[in-house]
Amino acid sequence: MTQEKDPLKGYRGLARSRLEQWGVRVWSDVRLVNSAGSVFEGVILPRSETFDDLHVVLKLRNGYNVGVHVDRVSSIEEVGYKEAVYKIPEKEFPVRPNLPRVTLLGTGGTIASRLDYRTGAVIPAFTPGELYGAVPELADICNLTTRKLFGVFSENMSKDQYVALAEAIGQEIADGVDGLVIGHGTDTMGHTAAILSFMVQQSPVPIVMVGSQRSSDRPSSDAALNLIHAVRAAAYGDIAEVQICMFGPTSDRYGLLHRGTRCRKMHSSYRSTFRTVGDIPLATVSRDDFTYIHGEHLPRDRSRKVLIDSAYDDRTTILYYYPGMSPDLVDALVEKGYHGIVIAGTGLGHVNKPLYPALKKAIQSGVHVVMAVQTLWGYAQMYVYDTGRDLLDIGVVPLDNMLPETALMKLSWVLGHTRDHAEVTRMMRRVISHEITPREPHNGYLILQGGLPEVEEFITSHWK
Amino acid sequence: MPGSTRHAGPEADPGSGTARLGDDDYYREIGLISGLEVHQQLLTDHKMFCRCPAGHYTTTHDGSVLRHMRPTLSELGSYDGTALMEFKTRKNIVYLLHKDNVCTYEMDDTPPFLVNDKAIDVAIEQCLMLGCDIVDEVHIARKQYLDGSIPTGFQRTAIVGVDGKLPFRGRELSITQVSVEEDSCREVSDRGHLIVWRTDRLGMPLIETVTGPDLRTPDEVAEAILLVGRVCRSTGHVRVGIGASRQDVNVSVRGGRRVEIKGVPQAGWAPLLVHAEAVRQVRLLELRDHLAERGFRQPDDLIIDHEDVTDLFARSALEYLHAQAWDEFVRLDGRRKDLELGLGPFCVRAVRLRGLRDTLSWPTQPGRQFVDELKGRIRVIACLDQQPILLHSEAWPAYEGCDAELGDLVKRLGAGPDDSLIVVWGPEQDTITAAQEVGIRYADALDGIPNETRQPFPDGSTDFERILPGPDRMYPDTDSPPQAITRDRVDGLRQGLPDPPWVREERYAEAGLPRDTIHYLIRRGGSRLVDLVAPREDDGDLRWAGFLFGERLKGLRRSGVSPAGIGDSAWLDLFGFLREHPEAREAWRELVEMMAANPHASPRDIARDMGLGSAPGGWEKTLARLANGESPDHPDGTRGQAHRFLMGRAMRTLRGRVPASEVSGLLWQELKEKR
Chain A
50 MTQEKDPLKG YRGLARSRLE QWGVRVWSDV RLVNSAGSVF EGVILPRSET FDDLHVVLKL
110 RNGYNVGVHV DRVSSIEEVG YKEAVYKIPE KEFPVRPNLP RVTLLGTGGT IASRLDYRTG
170 AVIPAFTPGE LYGAVPELAD ICNLTTRKLF GVFSENMSKD QYVALAEAIG QEIADGVDGL
230 VIGHGTDTMG HTAAILSFMV QQSPVPIVMV GSQRSSDRPS SDAALNLIHA VRAAAYGDIA
290 EVQICMFGPT SDRYGLLHRG TRCRKMHSSY RSTFRTVGDI PLATVSRDDF TYIHGEHLPR
350 DRSRKVLIDS AYDDRTTILY YYPGMSPDLV DALVEKGYHG IVIAGTGLGH VNKPLYPALK
410 KAIQSGVHVV MAVQTLWGYA QMYVYDTGRD LLDIGVVPLD NMLPETALMK LSWVLGHTRD
470 HAEVTRMMRR VISHEITPRE PHNGYLILQG GLPEVEEFIT SHWK
Chain B
-10 MPGSTRHAGP EADPGSGTAR LGDDDYYREI GLISGLEVHQ QLLTDHKMFC RCPAGHYTTT
50 HDGSVLRHMR PTLSELGSYD GTALMEFKTR KNIVYLLHKD NVCTYEMDDT PPFLVNDKAI
110 DVAIEQCLML GCDIVDEVHI ARKQYLDGSI PTGFQRTAIV GVDGKLPFRG RELSITQVSV
170 EEDSCREVSD RGHLIVWRTD RLGMPLIETV TGPDLRTPDE VAEAILLVGR VCRSTGHVRV
230 GIGASRQDVN VSVRGGRRVE IKGVPQAGWA PLLVHAEAVR QVRLLELRDH LAERGFRQPD
290 DLIIDHEDVT DLFARSALEY LHAQAWDEFV RLDGRRKDLE LGLGPFCVRA VRLRGLRDTL
350 SWPTQPGRQF VDELKGRIRV IACLDQQPIL LHSEAWPAYE GCDAELGDLV KRLGAGPDDS
410 LIVVWGPEQD TITAAQEVGI RYADALDGIP NETRQPFPDG STDFERILPG PDRMYPDTDS
470 PPQAITRDRV DGLRQGLPDP PWVREERYAE AGLPRDTIHY LIRRGGSRLV DLVAPREDDG
530 DLRWAGFLFG ERLKGLRRSG VSPAGIGDSA WLDLFGFLRE HPEAREAWRE LVEMMAANPH
590 ASPRDIARDM GLGSAPGGWE KTLARLANGE SPDHPDGTRG QAHRFLMGRA MRTLRGRVPA
650 SEVSGLLWQE LKEKR
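Chains A and B are the protein sequences, given in the same order. Count along the first sequence from 1, then add 49; that gives the number in the working numbering. Oh and the second sequence: position 359 is 348 in the working numbering, straight run, nothing missing.
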């Protein structure tokens, strides 16, 4: 029996056997009387398998849910059956010939969704018709096509998905779209933006990644506004790069367009979680205009030929260095057959001395070791101190101000092409999409500290 | 022409003019039914879903967030343009933040932490006091609110108890359910498209007690509010003071629908409000029948159209209908384009109501007419809030050139003698929304009474606040796991509970305390202390303790002494001492003042230092000397006067050390011997 057809979905152990005994099932509309004489009238809901096996959950007539302990049930009687129907209403997305063509590629995140009020299940809205229902403003912006590539949580994105995504982008561009939007969970959106920056080069049109920090079944969700901003950036924006489009401030004001190789999720739950690191964002986008604040980007150009290069080697990892790290960790990675290691080093790109022999051995056995900094801001400048110079001598490749996650994605991409040490080194240091920048502007590092009078003045006079 | 009814008020009362407040026969006749939703804040240190302090209010802010609420898909229903229009006329919602009382949870930038166990405990206690059965597993739900009062767009709420009852007027008041929920924001201002909320109160735990629809008269409603309040407060674990408890009163009459009067601040307001709402429903039902007689049965029977008539009023004596005057209003009121103001240029819009003459002035409540129902909708939904919000042909204002202007208007709209006209003004989009709202409200009128939430005013009248949401707005909170409530937990909490207030009331009454004092004690939490220091029913301390906590401390507070810092153990210590030295009770004021000033000192030590409970050696001789000495203040006075005067002098040193009766007796004796 499959999960979906289980009439006692989610119920285990005692609760399950009692439900069987009583002859009621999930979606039974029941009248339940407990040992205190209280009467509960409502529908039996499916139960999460992570909850205990002692309670049966009812959706009462007034919309509230309660759990009744099976030992306190005096009588239960099925008076009806009301199965929830998971269907999202659709209306045809209007076609307006003079509007740009945008394709939305789905990876599994729910950008727009409808909620099932009985179970709380979120039903994703994805087809143009469904999206039009959820965010009707989209029809004023573009002619939208959608393609669902796969349905995975963002933490489950990996090689196969990256390759499929890059190739789908290539097909859409060949098909002549004016811009692409990629719906993606936010947790690893930065990783995907980075790998796509290497796999899809010289795009003629914008490739905009978008997600939400508050799910779209909530009235206060950032999803709709993010989607509007992203679709506008894809349809009308001038930046033909892989970019992330998410809230600027946590207020409903404007979105920021961040370069795919320089962007990171910096807060586990804030709306304004994505920040450009070591540089300033590319642009702001609002309901009715763009402001290109960076001043340097690859402009939209329909005549440019895109290069799709979806090589990927997933035998790579990040080693987040900490004081006292033992060299056997490095040995273990070599033994397990890893091809590449990104070290997120301390300070300017350092690890402790006991690690040197292990790293040397790793490099000699053909493992590629590159250095990024765990400070996120600033450069690996390994020539400054002896420790750094020793690491360079061993053959550790410094990656300047490349973000650790971007470094991992690039190393995976490079190792998909070659495992020749000199070639790997050359490719890692050859800049493809601003993953290393020659200069760090002084406003590229701004972490304002609360409590300081001037900062307090700023945050009281500006929308957070 | 429609102007002919100008200045006409309601000519004849349509049938229910005999309704008088307190006429119980009338309420029976119209089938008045009422129930309560009583909200009571719980006394916890922290909020319900985060670790912010509860009850810490601020009047300033150090940050603000701008948000919008978007109807979730299932609420949109159909995808006709209305949904999008609703979204376009949406409110800009600003939340004011203060670091001292909110964190990123209240801003909706952090998911909830696990629910505050203390809040659940207090809620269970409340349920037990209300005679409820406690649910076995508490499921947190989200209840949607799109008015912005909660930044998430929903309130986290959970049923804790069901099926309770309270003794009420010789019968039972049923308690349908008790839920524990997070409190909402406090409204700061609402102008045009901008509503501003303060977040300090947001997230504080409260319980909502829902009674059955068991109340039949306005007086019963007020009495039930007081009863539920006394029960809730009797544990001493709920908050008291302004805003700590608020109630929604649900009212319907036979053939009508449930209307919720939201946030009635005190029981005393209830009778007038319930009466006025009952009358309103009766009159709206009469309007429905009247409209049906005139051929308006379905929404399709209504022909309501509108037109931009800005040019007609460009030189009107009503200056607020001029574009320049509007600009001036916008400037003076500081209305900003991206916050308070709606879309489009200034517009005066006329709405023609075909064949609906005289319905605008249909009376609804005392001093209110059907047109006021329209005004409420226009103010809230179209965000047009410049007074008088609208003009209409059934009571067109008198001013220079008014007849000519109304005549032009009638001509422009092609209005016939049976038509009525409404004029609204403001940003163009908002005037269109307003015209559409007029149509929607008239369609509702054909059906009788729309389910609404209405805000109360002290005169008993109410105004539209929002459409009453149904059960569809509830859905499970996927951020919070369910909480199993064990029977052990419930039994443990039950043991610490005081008697229900009616049992307590009887006990106090038998001890000789007046009802007012008893209710005050239960309402303000003093009864907890009374029960603490005088726990046994036959204890003679009960009456004295009741007066102390119910009356005497009030006077002390008025004179600036705050006994709030005196802890339970100090009170117990004090009463232990007083049981041993009853004469020391007479020095209660001095004692409590000292205790308040020295909260860490032992009351026994304080009393001993004051010499209380032990008579000064040779006091009788001192008294005799006093009595036999000259009494210069009252040389010619009567013996009674002399006695009073000398008692005052003597008790200054003897109060609390020698019983006053003893001093008085000895003094009489001395005075008699003196003569």
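Ideal Cβ placement from N, Cα and C applies to all residues, glycine included. In this text the structure is predicted, and so the values were computed from the model without any measurement.
- By the CB criterion at 8 Å, residue 286 of chain B and residue 362 of chain B fall outside the cutoff.
- Under the 8 Å Cβ criterion, the segment 115 to 129 of chain B counts as touching the segment 99 to 110 of chain A, having at least three qualifying pairs.
- Judged by their CB atoms, residue 167 of chain B and residue 116 of chain B are nearer to each other than the 8 Å cut-off.
- When secondary structure is reduced to three states using DSSP, residue 204 of chain B falls in the strand class.
- Proximity of chain A to residue 52 of chain B at the Cβ level (cut-off 7 Å) is accounted for by 508, 509, 513, in chain order.
- Residue 505 of chain A has a beta carbon lying within less than 8 Å of a beta carbon in chain B.
- Interface annotation, residue 79 of chain A: not in contact with chain B, CB-CB separation never under 8 Å.
- When the Cα atoms are used, residue 561 of chain B and residue 522 of chain B turn out to be separated by approximately 6 Å.
- At the C-beta level, residue 207 of chain B and residue 260 of chain B come within 8 Å of one another.
- With respect to the 8 Å criterion, residue 371 of chain B and residue 329 of chain B are not classified as neighbours on the basis of their beta carbons.
- Fully enclosed alpha helix (DSSP H) runs of no fewer than 4 residues occupy 207 to 222 of the segment 149 to 235 of chain B, in order along the chain.
- For the C-beta of residue 182 of chain B, not a single chain A residue is nearer than 8 Å; the gap to the nearest is close to 13 Å.
- Put simply, the CB of residue 58 of chain B is near chain A, with a gap under 8 Å to one of its CB atoms.
- If you compare the alpha carbons of B:147, B:587, B:243, B:56 with that of residue 555 of chain B, the shortest gap goes to B:587.
- Burial is judged here by how many other beta carbons sit within 10 angstroms of a residue's own beta carbon; residue 491 of chain A has fewer than 16 and is exposed.
- Going by beta carbons, residue 420 of chain A and residue 383 of chain A fall outside the 8 Å limit.
- Assignment of beta strand (DSSP E) within the segment 513 to 587 of chain B, counting only whole runs of 3 or more residues, yields no such run.
- From the listed residues B:184, B:233, B:411, the smallest Cα separation to residue 297 of chain B is found for B:411.
- By the Cβ criterion, the segment 432 to 440 of chain A is in contact with the segment 384 to 402 of chain A, since at least three pairs of Cβ atoms, one from each stretch, lie closer than 8 Å.
- Residue pairing by DSSP places residue 338 of chain B opposite B:297, B:413 in a beta bridge.
- Taking a 10 Å sphere around the C-beta of residue 64 of chain A, we find 16 or more other C-beta atoms and assign the residue as buried.
- Nearest to residue 340 of chain B by alpha-carbon distance, out of B:317, B:380, B:347, B:22, is B:380.
- Taking all protein chains in view, the Cβ of residue 501 of chain A is surrounded by fewer than 16 other Cβ atoms within 10 Å, so the residue is classified as exposed.
- A straight-line Cα-Cα distance of about 16 Å links residue 513 of chain B and residue 488 of chain B.
- Apart from sequence neighbours up to five positions away, the residues of its chain that approach residue 109 of chain A with a beta-carbon distance below 6 Å are 91, ordered along the chain.
- The three-state reading of DSSP puts residue 402 of chain A in coil, since its state is none of H, G, I, E or B.
- Interface annotation, residue 298 of chain B: not in contact with chain A, CB-CB separation never under 8 Å.
- Annotation: Cβ neighbours of residue 148 of chain B in chain A (cutoff 9 Å, chain order): 109, 111, 113, 114, 115.
- Leaving aside the five residues that flank residue 56 of chain A on each side, the residues in its chain whose CB is nearer than 7 Å to its CB run, in chain order, 74, 75.
- Of the residues B:25, B:134, B:537, B:27, the one whose Cα lies closest to the Cα of residue 455 of chain B is B:134.
- Note that the C-beta distance between residue 194 of chain B and residue 90 of chain B is not below 8 Å.
- Residue-level contact by beta carbon holds for residue 128 of chain B and chain A, with a gap shorter than 8 Å.
- Using a Cβ-Cβ cut-off of 8 Å, residue 424 of chain A does not count as an interface residue toward chain B, since no Cβ of chain B sits closer than that to its own.
- Taking 8 Å as the cut-off, the Cβ atoms of residue 361 of chain A and residue 392 of chain A do not count as close.
- Scanning its chain for C-beta atoms nearer than 8 Å, with the 5 sequence neighbours on each side dropped, one finds around residue 240 of chain A the residues 206, 454, 457, 458, in chain order.
- Using beta-carbon distances, residue 356 of chain B does not count as an interface residue toward chain A, since no partner is under 8 Å.
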